[in-house]
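Number of protein chains: 4
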Amino acid sequence: MTTSEAIARPVRVGLVGAGRIGNSHAEVLARRVPGAQLVAVADPRGDAAQRLAGEFGARALSPAELFDDPEVEAVVIAASVDAHVTLTEAATAAGKAVFCEKPMGLTLAEIDRSISVAHAAGVALQVGFNRRFSRDFAEAHRLIADGAIGTPQLLRSLTRDPGLANPAGVPPWTVFLQTLIHDFDTLLWLNQPARPVSIYAVADALVAPEYKAAGLLDTAVVVITFDNGAIATAEANFSASYGYDVRAEVFGSGGMITAGDGRRSATVLYDRAGQHVETARSDVELFIDGYTAEFVEFVDAVREKRSPSVTGVDARRALEVALGCIESVQTGAPVRLTEQTR
Amino acid sequence: MTTSEAIARPVRVGLVGAGRIGNSHAEVLARRVPGAQLVAVADPRGDAAQRLAGEFGARALSPAELFDDPEVEAVVIAASVDAHVTLTEAATAAGKAVFCEKPMGLTLAEIDRSISVAHAAGVALQVGFNRRFSRDFAEAHRLIADGAIGTPQLLRSLTRDPGLANPAGVPPWTVFLQTLIHDFDTLLWLNQPARPVSIYAVADALVAPEYKAAGLLDTAVVVITFDNGAIATAEANFSASYGYDVRAEVFGSGGMITAGDGRRSATVLYDRAGQHVETARSDVELFIDGYTAEFVEFVDAVREKRSPSVTGVDARRALEVALGCIESVQTGAPVRLTEQTR
Amino acid sequence: MTTSEAIARPVRVGLVGAGRIGNSHAEVLARRVPGAQLVAVADPRGDAAQRLAGEFGARALSPAELFDDPEVEAVVIAASVDAHVTLTEAATAAGKAVFCEKPMGLTLAEIDRSISVAHAAGVALQVGFNRRFSRDFAEAHRLIADGAIGTPQLLRSLTRDPGLANPAGVPPWTVFLQTLIHDFDTLLWLNQPARPVSIYAVADALVAPEYKAAGLLDTAVVVITFDNGAIATAEANFSASYGYDVRAEVFGSGGMITAGDGRRSATVLYDRAGQHVETARSDVELFIDGYTAEFVEFVDAVREKRSPSVTGVDARRALEVALGCIESVQTGAPVRLTEQTR
Amino acid sequence: MTTSEAIARPVRVGLVGAGRIGNSHAEVLARRVPGAQLVAVADPRGDAAQRLAGEFGARALSPAELFDDPEVEAVVIAASVDAHVTLTEAATAAGKAVFCEKPMGLTLAEIDRSISVAHAAGVALQVGFNRRFSRDFAEAHRLIADGAIGTPQLLRSLTRDPGLANPAGVPPWTVFLQTLIHDFDTLLWLNQPARPVSIYAVADALVAPEYKAAGLLDTAVVVITFDNGAIATAEANFSASYGYDVRAEVFGSGGMITAGDGRRSATVLYDRAGQHVETARSDVELFIDGYTAEFVEFVDAVREKRSPSVTGVDARRALEVALGCIESVQTGAPVRLTEQTR
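Protein chains in written order, with my numbering: chain F, 442 to 783; chain D, 442 to 783; chain S, 442 to 783; chain H, 442 to 783.
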């Protein structure tokens, strides 16, 4: 196959999940990733699949049909979290490369199973840790890897989400399993190859205290110590009035790097009240470059028949930290990670 | 035609010009603008056309073949400047919508002819003032239009190019006709609907003084007064050691707006020497969003059979200022614009 | 006494301690605080006192002589930490107003004694929490007090010191008792009137691991929960290569405030390597405004015969947190603060 | 005289002028410059002198008495502009060192006379170009002198004043003679030792058009070419809604430096409307460090019996540019500077 054929023949992708993030993924795949062609959409709500498929000239299928379809080479899973593992296994078993949104599963055993099935099928398995592909974070990682700040000693990663639209629908431990999971991956990645040693977490319902009894924790702070001595903090909150705020900071023996400033653009307005800069309002707005680049990586990995740069093992490692947080909140004590992912 | 057919059927674009900017445009059209399909490439240097066409699965044609080809709906002209007007006329006369790089022509008469031919043919004619489509500048324009700073009183726009690779190949007056032409459009657009009244320009060869005798001016400063009282400055230099630097500032009766900060990302490195941010190194890196969005606008205008938001008239207005600058440098005196484009 | 007499008659200050910070305080008092007149200096090392006194036209005395001297109205204590309490008691017992560097004492009982003696003598007792008087931090406090960010939910304060010149001379627990004590006061002050509930601290010797056995911890992270639900982190490190770095961040239900950017000035240098800003290299450089304003407050309190805005009670509250940290590090568990300062 | 005597014996200063800037100078001298002692104040309005003198424990005198007073060693002139030259001559003739606010005079002949009288009397003569002493600008100057940006090619300096309180009281040409005079000095100083070659200026009444007939121009733009090829712009406006805005930018063959960001502090507020920073509201707020340091320089020059770093010659050079601007506005043409100050 020549280069021009490669360009002429994008990877044919099926999308499972037509909710908010599924819609965003469809948009990114169709409009920003020339190496991908969105050919099919599946969703338990058939009309949602129909509508989204129609919008992008794709076919609406059931998940089973989608996995069976020989045209589909790769599957993007953006379904509800508790379906991730079943869908991943079904897709990989059918020989499809899989991109699965985070968290890949809710137990280590689930993720282990997904990893083995993908391994056995010889297909790529990528997890949706999009921050690694964002320009700011990628540049920070490169600088750290190049030794620009020496050995990391203090790290910080935070996620502040602009709004908690429907507190009633948020599953317990979401703050760790779905939100901070990004920060855990960021910290593990920026502090490579160090491994976490202990975890201490506190969490509370400060935004919507009336849902605390139902298990909703909307604010959390985590301390992680690593085997290279570094100490990290992670922070999350579900109601940032000023927009979607994701930042990281790594302080090392030779310097510091900060990533993220939350600005929508470099345009500054000066008026009677001072200087003003607009902030990004959603994860999609803040991370559109990362959402695009993670699919470019996925498509390239599929084409090149190689493992993507962020895999099921990374999903497992981040989950391990999230589970440690849950245990720490439940016991009120720090948790030592004894059997870690290697 | 249904929406999904519209998506399935992108506008088929032919590109004329396979040089540096032609390559960049091909890349943007093929990889970032799903509404466009690059189907043909033409260039006097047949092998350059062949290579670029091959890279994107397009056909290599001569310009005449490209204009005659019924598959081609729209033409992007990124050829040498002195061919712009001939190519634009040939393409529009053949009924193709045209996107022409700036400057659209080197005389007002040339541009007027292009405008009439396009008008007669009933096709879209867009000029490549990409800054209008850059996020920063678009946001500044929106804020000014919304009255955020009152009436503009002082404006500034500047272009500093990182390197003068081949001074011998730079045509005379390039600093006004090809570089500052962007700044003139920016100033006219940010100060809409005011019209320029007088122009004073100074220019010198500070980067490559040995080429001054040959007519190469690499550094220029321009003052423009407007009929709403506003006074603008424009600045250019061909050898910015720190990267590609484009910024604008508009001060008005109620505030100020600045656009552009030259940063590659929001990542900051702190080390023994202080705080450091990397700068953008090329126009393509700095303005990739603007280069993309200007083609989205072009494709949308073609589909919607409407005039694009930046047209031959804008090309004419900016050229008028550039020609005023040349006269001012030649006479050493300010120039009054008497017969302006309306 | 008329206003002009008040100006003509500054408060006569005696300084105890002629080390690094004593020298800085002498300089600030003599050159930046017109309401103060440095009249006497005492130090166990007589020659150091002699030299410093000579530099500013003051007399060199023993501490006892200084406390007995009727000319001395107020005493600034910048001696070694373990002498703070004895000196404070002697000075207040002699009827002098006292400004004592932090920490005011190393046990709560010591501080309680200083507070009572000062109370009995009816003299002002101020502790050297200079950050409260720094422009950035004062503005952040004012904005929070004005409700600009709603109820605090997440707080952060950090101190990174540029160098650990003499690790052998650093007493155990310095990171909590002398460095983070500033951050604890900052957090308590920015989250007023909430009270801390629990503390978890980790600390290590990452900068100078060879001194860990001797008890030197140079890197620490602390999590504090408050009775208004807010969760705070504090961080310290003794070897910031890029300068003296002190910042705070308060996230609330309605917004966020950040204070501190470590810049020496607003001058930016652009060169081949990007954009560069110089960083402040020492606490004195970074906080010269705070060091000045805290003495203005002290002198004003003495003149107006009122309590200063930051007192022994604040010193006690911050120490309480520092002691909680030490216990947490010793036990490896979070510590609940049961009997707090009220 | 030993060092400690030098400190004990500040330079005794008499202030002429008890208006807005005189009050500010008195405050700075009395509260921020330990090397100065304000001993006398004179003002044609005796009660203003009385009040200001009383506030700082100084004596109220007539100008003649002040110049005759043997206690007065140095005189600060902050009177109305048209009295500057007479007062400077009288003071220097009486053997006093003189610090004169800008402009030192309104004609070159006036300034020449002041320079000769001071020279004959052997006393220091300093002009109030305070920006040179501001941290930002001093750092920019140091970096340029150190070669950090190579040879200057493009310069910019601007002054935007927050309000035009009393347009009726503003003398003609104030924008050049009193406001931009600062920017001219800044440009000459940052581009040392180059000399200006040509000047082109435009000016208008955009803030208060109803005063244009009376000669009030409130907005101006100036282009200056230098004999090292550099081209500079200067800008002024009398009604910046967002505060007092003074910035400079110097672009050279090897880089760029910017000075000034108009921020009151490094505190950033984030809320529903984005990120916000407060701006400085007055020259005194923005430049308090420069106003202080220029008097430190004056006092040091007096003590060390040397010429200050900014003298009557600098006043003359800046005035020369201002007069060129006036001629350019009057003729509508660029002005060539033939007989320059050397």
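Glycine is no exception: its CB is placed at the ideal position from the N, C-alpha and C atoms. Computed from a prediction, not measured in an experiment: that's the story for all the values here.
Give a yes or no on whether the minimum CB-CB distance between L631 of chain D and chain F is below 8 Å. Taking the second sequence and counting its residues from 1, the one referred to as residue 631 of chain D is at position 190. It does not: the Cβ of L631 of chain D has no partner Cβ on chain F nearer than 8 Å.
C-beta contact flag for L547 of chain D and I556 of chain D at 8 Å: Indexing the second sequence from 1 puts residue 547 of chain D at position 106. Indexing the second sequence from 1 puts residue 556 of chain D at position 115. Taking a C-beta distance under 8 Å as the contact criterion, L547 of chain D and I556 of chain D do not qualify as a contact pair.
Does the Cβ-Cβ distance between I590 of chain H and G693 of chain H come in under 8 Å? Position 149 of the fourth sequence, counting from 1, holds the residue named residue 590 of chain H. Position 252 of the fourth sequence, counting from 1, holds the residue named residue 693 of chain H. Against a cut-off of 8 Å, the Cβ pair of G693 of chain H and I590 of chain H comes out as a contact.
Go ahead and pull the three-state DSSP assignment for R500 of chain H. Within the fourth sequence, residue 500 of chain H is the residue found at index 59, counting from 1. DSSP places R500 of chain H in strand when its eight states are reduced to three.
Would V664 of chain F pass as an interface residue toward chain S - the criterion being a Cβ-Cβ separation below 8 Å? As a working mapping, residue 664 of chain F is identified with position 223 in the first sequence. Contact with chain S is found for V664 of chain F, since one of that chain's Cβ atoms lies less than 8 Å from the residue's Cβ.
With a cut-off of 8 Å on the beta carbons, I'd call P451 of chain F and Q478 of chain F a contact; round off their distance for me. In the first sequence, counting from the first residue as 1, residue 451 of chain F sits at position 10. In the first sequence, counting from the first residue as 1, residue 478 of chain F sits at position 37. With 8 Å as the limit, P451 of chain F and Q478 of chain F qualify as a contact, their Cβ atoms being about 4 Å apart.
Of the residues F:T527, F:D686, F:D553 and F:S521, the one placed nearest G610 of chain F, counting alpha carbons only: Sequence index remark: in the first sequence, residue 610 of chain F carries index 169 (1-based). It is F:S521 whose Cα lies nearest to the Cα of G610 of chain F.
Check whether the region 681 to 690 of chain D touches the region 593 to 603 of chain D, taking contact to mean three or more Cβ pairs, one atom from each stretch, closer than 8 Å. Yes, the region 681 to 690 of chain D touches the region 593 to 603 of chain D.
What is the residue span of the alpha helix (DSSP H) that R473 of chain S lies within? The sequence position of residue 473 of chain S within the third sequence is 32, counting from 1. Residues R461 to R473.
Looking only at its own chain, which residues have a Cβ that is under 8 Å from the Cβ of G495 of chain H, when we skip the five neighbours before and after it? On the fourth sequence, residue 495 of chain H is found 54 positions in, with the first residue counted as 1. Here the set comprises A501.
With distance defined between alpha-carbon atoms, name the residue in D:A635, D:D553 and D:M697 nearest to I585 of chain D. Translated into the one-based positions of the second sequence, residue 585 of chain D becomes position 144. Among D:A635, D:D553 and D:M697, the Cα nearest to that of I585 of chain D is on D:M697.
What do you get for E726 of chain H, buried or exposed, if any count of 16 or more other CB atoms within 10 angstroms of its CB means buried? For the purposes of this step, residue 726 of chain H is taken as residue 285 along the fourth sequence, with counting starting at 1. Label assigned to E726 of chain H: exposed.
Pairwise C-alpha distance: S706 of chain H and A721 of chain H: Here residue 721 of chain H refers to the residue found at position 280 when the fourth sequence is read from its first residue. Here residue 706 of chain H refers to the residue found at position 265 when the fourth sequence is read from its first residue. C-alpha separation (whole angstroms): 9 Å.
Between the region 757 to 776 of chain S and the region 572 to 586 of chain S, are three or more C-beta pairs nearer than 8 Å? no
Using the C-alpha atoms, what's the distance from T620 of chain S back to A677 of chain S? To locate residue 677 of chain S, count along the third sequence from 1; it is residue 236. To locate residue 620 of chain S, count along the third sequence from 1; it is residue 179. The alpha-carbon atoms of A677 of chain S and T620 of chain S are separated by roughly 7 Å.
Using only the alpha-carbon positions, how far apart do A711 of chain D and I729 of chain S sit? Here residue 711 of chain D refers to the residue found at position 270 when the second sequence is read from its first residue. Here residue 729 of chain S refers to the residue found at position 288 when the third sequence is read from its first residue. Note on identity: in this sequence residue 711 of chain D is Tyr, with Ala being the wrong assignment. Cα to Cα, the separation comes out at about 22 Å.
When you compare the CB positions of L631 of chain F and A579 of chain F, do they come within less than 8 Å of one another, or not? Mapped onto the first sequence, residue 631 of chain F falls at position 190. Mapped onto the first sequence, residue 579 of chain F falls at position 138. No, they are not a contact pair.
In angstroms, rounded to a whole number, what distance separates the CA positions of L628 of chain S and R777 of chain S? On the third sequence, position 187 is the one that residue 628 of chain S refers to. On the third sequence, position 336 is the one that residue 777 of chain S refers to. Cα-Cα distance, rounded: 17 Å.
Given L470 of chain D as reference, the closest of D:C766, D:V740, D:E745 and D:L605 once Cα atoms are compared: Indexing the second sequence from 1 puts residue 470 of chain D at position 29. The shortest C-alpha to C-alpha distance from L470 of chain D to any of D:C766, D:V740, D:E745 and D:L605 is the one to D:V740.
State yes or no: is the beta carbon of R597 of chain S nearer than 8 Å to at least one beta carbon in chain H? Stepping through the third sequence from its first residue, residue 597 of chain S is reached at position 156. It does not; no Cβ of chain H falls within 8 Å.
Under 8 Å between C-beta atoms of A515 of chain S and V474 of chain S: Residue numbering aside, residue 515 of chain S sits at position 74 when the third sequence is read from its first letter. Residue numbering aside, residue 474 of chain S sits at position 33 when the third sequence is read from its first letter. Between A515 of chain S and V474 of chain S, the C-beta gap is not smaller than 8 Å, which leaves the two residues out of contact.
Output needed for V751 of chain F: all residues of its chain with C-beta closer than 7 Å, excluding positions within five of it in sequence on either side, in chain order. As a position in the first sequence, residue 751 of chain F is number 310, starting the count at 1. Cβ within range, chain order: Q567, V568, F570 and R573.
Which bits of chain S does I698 of chain H rub up against, with CB to CB less than 9 Å? Locating residue 698 of chain H in the fourth sequence gives position 257, counting from the first residue. Simply T708, V709, L710 and Y711.
How many angstroms separate the CA atom of T443 of chain F from the CA atom of A459 of chain D? If you number the first sequence from 1, residue 443 of chain F lands on position 2. If you number the second sequence from 1, residue 459 of chain D lands on position 18. In this prediction, T443 of chain F scores a pLDDT of 40, lower than 50, which makes its location untrustworthy; no coordinate-derived value is stated.
From G715 of chain D to T708 of chain D, what does the alpha carbon distance come to, in whole angstroms? Here residue 715 of chain D refers to the residue found at position 274 of the second sequence. Here residue 708 of chain D refers to the residue found at position 267 of the second sequence. Using only the alpha carbons, I get a separation of about 14 Å.
Continuous alpha helix (DSSP H) stretch holding E738 of chain S: start and end: Residue 738 of chain S sits at position 297 when you count from the first residue of the third sequence. Per DSSP, E738 of chain S belongs to the alpha helix (DSSP H) from I729 to R744.
For a quick check, are the C-beta atoms of V558 of chain D and A534 of chain D less than 8 Å apart? Translated into positions along the second sequence, residue 558 of chain D becomes position 117. Translated into positions along the second sequence, residue 534 of chain D becomes position 93. The answer is yes: Cβ separation under 8 Å.
Report back the beta-carbon spacing between A681 of chain D and P603 of chain D to the nearest angstrom; my notes put them in contact at under 8 Å. In the second sequence, counting from the first residue as 1, residue 681 of chain D sits at position 240. In the second sequence, counting from the first residue as 1, residue 603 of chain D sits at position 162. Sure, about 5 Å apart at Cβ, within 8 Å.
Within-8 Å CB hit, E580 of chain S to chain H: For the purposes of this step, residue 580 of chain S is taken as the residue at position 139 of the third sequence. With 8 Å as the cut-off, E580 of chain S counts as an interface residue toward chain H.
Residue nearest to G753 of chain D in terms of C-alpha spacing, selected from D:V616, D:D626, D:T592 and D:D510: Along the second sequence, read from residue 1 onward, the residue named residue 753 of chain D stands at position 312. Checking every option, the nearest Cα to that of G753 of chain D belongs to D:D626.
V718 of chain H (DSSP reduced to helix, strand or coil): Indexing the fourth sequence from 1 puts residue 718 of chain H at position 277. If DSSP states are grouped into helix, strand and coil, V718 of chain H belongs with the strands.
Roughly how many angstroms separate the alpha carbons of A532 of chain F and A561 of chain F, rounded to a whole number? Counted from its first residue, the first sequence places residue 532 of chain F at position 91. Counted from its first residue, the first sequence places residue 561 of chain F at position 120. Rounded to the nearest angstrom, the two C-alpha atoms are 12 Å apart.
Identify the contact partners of S682 of chain F in chain S, using a Cβ-Cβ distance below 7 Å as the criterion. Within the first sequence, numbered from 1, the residue matching residue 682 of chain F stands at position 241. Under the 7 Å cutoff, chain S gives G695 and G696.
Of the residues F:L657, F:Y641, F:S639 and F:V638, which one's Cα is nearest the Cα of L647 of chain F? Counted from its first residue, the first sequence places residue 647 of chain F at position 206. Comparing Cα-Cα distances from L647 of chain F to each of F:L657, F:Y641, F:S639 and F:V638, the minimum goes to F:L657.
Which chain F residues sit within Cβ distance under 9 Å of G463 of chain D? Locating residue 463 of chain D in the second sequence gives position 22, where the first residue counts as 1. None at all; the shortest Cβ gap to chain F is about 17 Å.
Within the 8 Å Cβ cut-off, does I556 of chain H reach chain D? Start at 1 with the first residue of the fourth sequence, and residue 556 of chain H comes out as number 115. No, because no Cβ of chain D sits closer than 8 Å to the Cβ of I556 of chain H.
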